[in-house]
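A.B. asks:
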Amino acid sequence: MEYVVGVDIGGTFTDCVILDSEGTVTLGKALSTPEDFSIGAVDAVRDAARYMGLAGEGELLASTKFFFHACTVADNTLITRAGPSTGLITTKGFGDTLLHMRGRTTEGLTETEAFHAAGQSKPDPIVRRPFIEEVSERIDYKGSVLIRLDPAEAEQAIRNLLAKEVQSIGVCLLWALSNDAHEQTIAKIVKEKYPSVYLTLSSEVAPFVGEYERTATTAFNAYIAPKIAAYLQQLGAVLKEKGLKREPLVMQSYGGVLRIEDTCKNAVGTIESGPVSGVIGSRFIGERIGLSNILATDMGGTTFKVSVIRNGLVEKDYKPVILRYQIYLTKIWVESIGAGGGSIAWIDPETGLLKVGPLGAGAYPGPVCYGHGGSEITVSDADLLLGYLNENYFLGGKMPLYKEKALRVLEERIARPMGMSAVEAASGIYRIINSHMSDLIRRATVERGYDPREFTLFAFGGAAPAHAARYAAELGIRQVIVPLTASVHGATGLVSSDVVYAYGKSEHLFVPADPRRINSHFSALVRKAVDHLRAAGFKEEEMSVVRSVDMRYRNQVHELNVPLKAGIGEVSEEEMDEVYATFDELYEQTYGPGAGYREAGKEIMAFRVLGTGLLERPNLRRYPLEKRDPASALKGERWVYFQEGGDFAPTQIYDFDRLTAGSDICGPAVIETPITTIVVNPKDRAFVDEFLNVRLYLNGA
398 MEYVVGVDIG GTFTDCVILD SEGTVTLGKA LSTPEDFSIG AVDAVRDAAR YMGLAGEGEL
458 LASTKFFFHA CTVADNTLIT RAGPSTGLIT TKGFGDTLLH MRGRTTEGLT ETEAFHAAGQ
518 SKPDPIVRRP FIEEVSERID YKGSVLIRLD PAEAEQAIRN LLAKEVQSIG VCLLWALSND
578 AHEQTIAKIV KEKYPSVYLT LSSEVAPFVG EYERTATTAF NAYIAPKIAA YLQQLGAVLK
638 EKGLKREPLV MQSYGGVLRI EDTCKNAVGT IESGPVSGVI GSRFIGERIG LSNILATDMG
698 GTTFKVSVIR NGLVEKDYKP VILRYQIYLT KIWVESIGAG GGSIAWIDPE TGLLKVGPLG
758 AGAYPGPVCY GHGGSEITVS DADLLLGYLN ENYFLGGKMP LYKEKALRVL EERIARPMGM
818 SAVEAASGIY RIINSHMSDL IRRATVERGY DPREFTLFAF GGAAPAHAAR YAAELGIRQV
878 IVPLTASVHG ATGLVSSDVV YAYGKSEHLF VPADPRRINS HFSALVRKAV DHLRAAGFKE
938 EEMSVVRSVD MRYRNQVHEL NVPLKAGIGE VSEEEMDEVY ATFDELYEQT YGPGAGYREA
998 GKEIMAFRVL GTGLLERPNL RRYPLEKRDP ASALKGERWV YFQEGGDFAP TQIYDFDRLT
1058 AGSDICGPAV IETPITTIVV NPKDRAFVDE FLNVRLYLNG A
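Counting in my numbering, the sequence shown runs from 398 upward without gaps.
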């Protein structure tokens, strides 16, 4: 028996999904271990091995065909500012580029923070000004050398930084994307004389126009790369010692995986790669059940995230804002807000209105009902008091919940001060958080030109299945899918990934552009992608290459990415005419009919290539559908609140592990799994499909 293993490290828990060669899914879960994340990774694998009846993780790893991994090391390093002392070398006169942040004051702020932008401070700089060195050199936008770099001056800049005990250096020189000779000169000095210093070149990690974004990307990579490299090398060594024969593959923010060596070179690609795995998992399951328009929603303890899959294609972002810095990073587009099971309910002192989020109680002390000393009422407390959660079966009974504590604090902090009953307060918290989430989905769809009613909603993350039917119904969505692996869905995405290399470069061409120049730019990027895929062991027939261009109307600021037909053959003038027409369609779809300024003309701003090494897709076991009475899965009844009646009602509780494919349950009902809870509202139906996903059909659909 061979296995495919996916391990996804989160802030609180580390999730593991095992797929065997027959398609059977086994789940594992363990606490994350920030002091050494590899410990939590092995613990999660061991937990899954125990459920499989294996002797231990060694027996499992020895028979593992692929080991996929996603981690939050990059995110944690940035958020906690735990990276090494980092320096930056840039062109004379541009030392403040990173600190100025283009003068932007609202990027990355919440709506409330942006409204009070004048009172906001800039984030702590990734590289402080004393650690930024300037060198005399100048290359113009065509790549011509105007002022040649003096190697002696460059070495002095390096020595100045090393005197301040810098361990990692980023180099970002003006127009290095057009000619990287000066950056390579600095790289040669570092490699020959100071080989222990970690080095990042802007021409390698961000060859795009935009000095601020390019500088920020370089600084981010220099800051997190040593941590990423140390962690992944440690993980690889531990897994090898435990019996793993294949090198782990690491999830990237654009939805593919890379080898450890390639990941360490471009560590910035792992930023926010954890949430991406869940989106890839949703697409994978959607392919199996015939769905191509999907809203992937992830509600965990702290945040709620949404991503759009349209016609089987995942929406991407090429200039995301990370911790208020805009960087160059090909990343699956994910929008998030502070809305999760741990979101805190509070009374606005100015208006006296009930608010929920964005602040959360965290994993510790967490919600009041956890019994760890939490003193703020959260969404999970409200879910428990409304009867959705089982105080004796949270995490399969591993963790008791304290209902009386939650009730007492709710009455003291929310209900009595607002002159309402505890039930009214709890149901208010539930409705408010659902409205926040439906508002985010509306922004992710309607404001981008999509009708949410044309999509199926996927609900994953530990908290989502208790809320999904409500926030979906607010948008007119008729079907919700709760995957079998809902609370470890990110790990499911890992085991369905391919090896993907992403390349791009800024090149400015007016439309209509000369096909010879277009083919010249694409051929260099395609050659790089194919070479890397060959080096990774892929044959020609196992490769897929997708080309695209970033386009805009002339004199505008923002671009749209337009894909070309798959393949690596020469691009014809007729094919580019189709691309130009597609851009017009995408623009009006995004911004509304008549929004495009076609008379201004168009321009190409960048060329991009995704080179994919196709891995063998894991099989998912398909179970025969049986028309069996679900009564055999009944655990009993409890009083559960539903807003249709405005009161509690006796509600049947089902044990998911005793349901079979084909089980059909009419609401109101609650389905309990060891890892999550699914609420089936009145007039809704729950159906267990052939892959053991729970499909919720809303309002009689």
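Beta carbons are placed, not taken as given, at the ideal position from N, Cα and C, and that holds for glycine.
On a Cα-Cα basis, can you pick out the residue from Leu782, Pro746, Leu837, Val976 that is closest to Val731?
C.D. replies: Locating residue 731 in the sequence shown gives position 334, where the first residue counts as 1. Out of Leu782, Pro746, Leu837, Val976, Leu837 has the C-alpha closest to the C-alpha of Val731.
A.B. asks: Our contact map puts Ser482 next to Glu562 with C-beta atoms below 8 Å; I'd like the distance itself, whole angstroms only.
C.D. replies: Walking along the sequence shown from the start, residue 482 turns up at place 85. Walking along the sequence shown from the start, residue 562 turns up at place 165. That pair is a contact at about 6 Å.
A.B. asks: Do Gln1049 and Ala1030 have their C-beta atoms closer together than 7 Å?
C.D. replies: Here residue 1049 refers to the residue found at position 652 when the sequence shown is read from its first residue. Here residue 1030 refers to the residue found at position 633 when the sequence shown is read from its first residue. Not in contact: Gln1049 and Ala1030 (Cβ atoms no closer than 7 Å).
A.B. asks: Determine the burial state of Tyr448: buried for a count of at least 16 other Cβ atoms within 10 Å of its Cβ, exposed for fewer.
C.D. replies: Along the sequence shown, one-based indexing puts residue 448 at 51. Exposed is the call here.
A.B. asks: Please determine, among Asn1096, Thr1073, Arg1092, the residue with the shortest C-alpha to C-alpha distance to Asp1081.
C.D. replies: The residue labelled residue 1081 in the question sits at position 684 within the sequence shown. Checked all of Asn1096, Thr1073, Arg1092; the closest Cα to Asp1081 is Asn1096.
A.B. asks: Starting from the Cα of Glu580, find the closest Cα among Ile555, Tyr847, Lys728 and give me that residue.
C.D. replies: In the sequence shown, counting from the first residue as 1, residue 580 sits at position 183. That would be Ile555, whose Cα lies nearest to the Cα of Glu580.
A.B. asks: If we define contact as Cβ-Cβ less than 7 Å, is Pro1071 a contact residue for chain B?
C.D. replies: The chain labelled as chain B is not found in the depicted structure, where only one protein chain is given.
A.B. asks: For Asp947, which option in Lys936, Glu939, Pro960 has the closest C-alpha, if you only look at C-alpha atoms?
C.D. replies: By 1-based counting over the sequence shown, the position of residue 947 is 550. Ranking Lys936, Glu939, Pro960 by Cα distance to Asp947 puts Pro960 first.
A.B. asks: Would you list, in sequence order, the uninterrupted alpha helix (DSSP H) runs of no fewer than 4 residues that lie entirely inside the segment 636-709?
C.D. replies: Listed in chain order, the complete alpha helix (DSSP H) runs (minimum 4 residues) inside the segment 636-709 are 657-662, 670-686.
A.B. asks: Specify the secondary structure class of Val439 as computed by DSSP and reduced to three states.
C.D. replies: The sequence position of residue 439 within the sequence shown is 42, counting from 1. If DSSP states are grouped into helix, strand and coil, Val439 belongs with the helices.
A.B. asks: Just tell me which of Asn787, Glu454, Ser518 has its CA closest to the CA of Arg1035.
C.D. replies: In the sequence shown, the residue the question calls residue 1035 occupies position 638. When only C-alpha atoms are compared, the closest one is Asn787.
A.B. asks: What first and last residue would you give for the beta strand (DSSP E) that runs through Asn916?
C.D. replies: The sequence position of residue 916 within the sequence shown is 519, counting from 1. Premise fails: Asn916 lies in the alpha helix (DSSP H), 912-932, not in any beta strand (DSSP E).
A.B. asks: Compare the Cα-Cα distances from Thr700 to each of Glu985, Ile583, Ile741 and report the closest residue.
C.D. replies: For the purposes of this step, residue 700 is identified with residue 303 of the sequence shown, where counting begins at 1. Of the candidates Glu985, Ile583, Ile741, the one whose C-alpha sits nearest the C-alpha of Thr700 is Ile741.
A.B. asks: So, Leu854 versus Ala869, is the Cβ gap smaller than 7 Å?
C.D. replies: Taking the sequence shown and counting its residues from 1, one reaches residue 854 at position 457. Taking the sequence shown and counting its residues from 1, one reaches residue 869 at position 472. Contact: yes.
A.B. asks: Can you name, in chain order, every residue of its own chain whose Cβ lies under 8 Å from the Cβ of Val942, other than the five neighbours on each side?
C.D. replies: In the sequence shown, counting from the first residue as 1, residue 942 sits at position 545. Cβ neighbours of Val942 beyond the five flanking positions: Val923, Ala926, Val927, Ala963, Gly964, Ile965, Val1006, Leu1007, Gly1008, Thr1009.
A.B. asks: Determine the closest residue to Gly480 out of Gly671, Asn618, Phe791, Phe907, with distance taken between C-alpha atoms.
C.D. replies: Position 83 of the sequence shown, counted from the start, is the residue given in the question as residue 480. The option with the nearest alpha carbon to Gly480 is Asn618.
A.B. asks: If you scan the segment 810-887 from start to end, which runs of the alpha helix (DSSP H) of 4 or more residues do you find wholly inside it?
C.D. replies: The qualifying runs are 819-842, 865-870.
A.B. asks: Run through the DSSP bridge pairs and tell me what Glu732 is partnered with.
C.D. replies: Taking the sequence shown and counting its residues from 1, one reaches residue 732 at position 335. Bridge partners of Glu732: Val703.
A.B. asks: If you run the structure through DSSP and keep just helix, strand and coil, what is Val470?
C.D. replies: Taking the first residue of the sequence shown as 1, we reach residue 470 at position 73. The answer is helix: DSSP assigns Val470 an H, G or I state.
A.B. asks: What residue from Thr503, Phe528, Gly763 has the CA that sits closest to Leu720's CA?
C.D. replies: Within the sequence shown, the letter at position 323 stands for residue 720. Minimum Cα distance to Leu720 is reached at Thr503.
A.B. asks: Using DSSP with H/G/I as helix, E/B as strand and the rest coil, what is Gly1094?
C.D. replies: For this step, residue 1094 is matched to residue 697 along the sequence shown. Gly is not the amino acid found at residue 1094; the sequence shown has Tyr there. The answer is strand: DSSP assigns Tyr1094 an E or B state.
A.B. asks: My understanding is that Leu598 touches Asp577, with C-beta atoms under 8 Å, so please give their C-beta distance in whole angstroms.
C.D. replies: Along the sequence shown, read from residue 1 onward, the residue named residue 598 stands at position 201. Along the sequence shown, read from residue 1 onward, the residue named residue 577 stands at position 180. Confirmed, about 7 Å.
A.B. asks: Pull up the distance between the alpha-carbon of Phe1053 and that of Gly1059, whole angstroms please.
C.D. replies: The sequence position of residue 1053 within the sequence shown is 656, counting from 1. The sequence position of residue 1059 within the sequence shown is 662, counting from 1. Going by the C-alpha atoms only, they are around 12 Å apart.
A.B. asks: Tell me whether Val1006 sits in a helix, a strand or coil according to DSSP, three-state version.
C.D. replies: What you label residue 1006 is simply residue 609 of the sequence shown in a count that begins at 1. DSSP places Val1006 in strand when its eight states are reduced to three.
A.B. asks: Let me check understanding here. Comparing Cα to Cα, which of Glu1000, Pro604, Tyr595, Gly607 lies closest to Pro623?
C.D. replies: Residue numbering aside, residue 623 sits at position 226 when the sequence shown is read from its first letter. Among Glu1000, Pro604, Tyr595, Gly607, the Cα nearest to that of Pro623 belongs to Tyr595.
A.B. asks: In terms of DSSP beta bridges, what is Cys1063 paired with?
C.D. replies: Counting from 1 along the sequence shown, the entry for residue 1063 is found at position 666. In DSSP, Cys1063 forms a bridge with Arg1082.
A.B. asks: Could you tell me the alpha carbon to alpha carbon distance between Trp743 and Arg810, rounded to whole angstroms?
C.D. replies: Here residue 743 refers to the residue found at position 346 when the sequence shown is read from its first residue. Here residue 810 refers to the residue found at position 413 when the sequence shown is read from its first residue. Near 8 Å, if we compare the C-alpha coordinates of Arg810 and Trp743.
A.B. asks: Less than 7 Å between the C-beta atoms of Ala573 and Ser600, yes or no?
C.D. replies: Along the sequence shown, one-based indexing puts residue 573 at 176. Along the sequence shown, one-based indexing puts residue 600 at 203. Cβ atoms of Ala573 and Ser600: closer than 7 Å.
A.B. asks: Taking only the alpha-carbon atoms, compute the straight-line gap between Ile536 and Lys999 and give it to the nearest angstrom.
C.D. replies: Within the sequence shown, the letter at position 139 stands for residue 536. Within the sequence shown, the letter at position 602 stands for residue 999. Using only the alpha carbons, I get a separation of about 27 Å.
A.B. asks: Does the segment 455-470 touch the segment 645-665, meaning 3 or more C-beta pairs lie closer than 8 Å?
C.D. replies: With a cut-off of 8 Å, the segment 455-470 and the segment 645-665 count as touching, because enough Cβ pairs lie within range.
A.B. asks: Tell me where the alpha helix (DSSP H) around Lys802 begins and ends.
C.D. replies: On the sequence shown, position 405 is the one that residue 802 refers to. Start and end: 800-807.
A.B. asks: Please report the straight-line C-alpha distance between Ile1001 and Arg949, rounded to a whole angstrom.
C.D. replies: Along the sequence shown, one-based indexing puts residue 1001 at 604. Along the sequence shown, one-based indexing puts residue 949 at 552. Between Ile1001 and Arg949, the C-alpha separation is close to 7 Å.
A.B. asks: Tell whether a beta-carbon distance below 7 Å holds between Phe857 and Asp659.
C.D. replies: Position 460 of the sequence shown, counted from the start, is the residue given in the question as residue 857. Position 262 of the sequence shown, counted from the start, is the residue given in the question as residue 659. It is not a contact, given that the beta carbons lie outside the stated cut-off.
A.B. asks: Throw me the rounded Cβ distance for the Gln630 and Ile657 pair, which I believe falls under 8 Å.
C.D. replies: Numbered from its first residue, the sequence shown carries residue 630 at position 233. Numbered from its first residue, the sequence shown carries residue 657 at position 260. Contact holds; Cβ gap of about 7 Å.
A.B. asks: With a threshold of 8 Å, are at least 3 pairs of Cβ atoms found where one atom belongs to the segment 482-495 and the other to the segment 563-570?
C.D. replies: Judged by Cβ distances under 8 Å, the segment 482-495 makes contact with the segment 563-570, as three or more pairs qualify.
A.B. asks: Nearest CA to the CA of Val703: which residue from Phe434, Ile724, Gly735?
C.D. replies: Locating residue 703 in the sequence shown gives position 306, where the first residue counts as 1. For the residues Phe434, Ile724, Gly735, the minimum Cα distance to Val703 belongs to Gly735.
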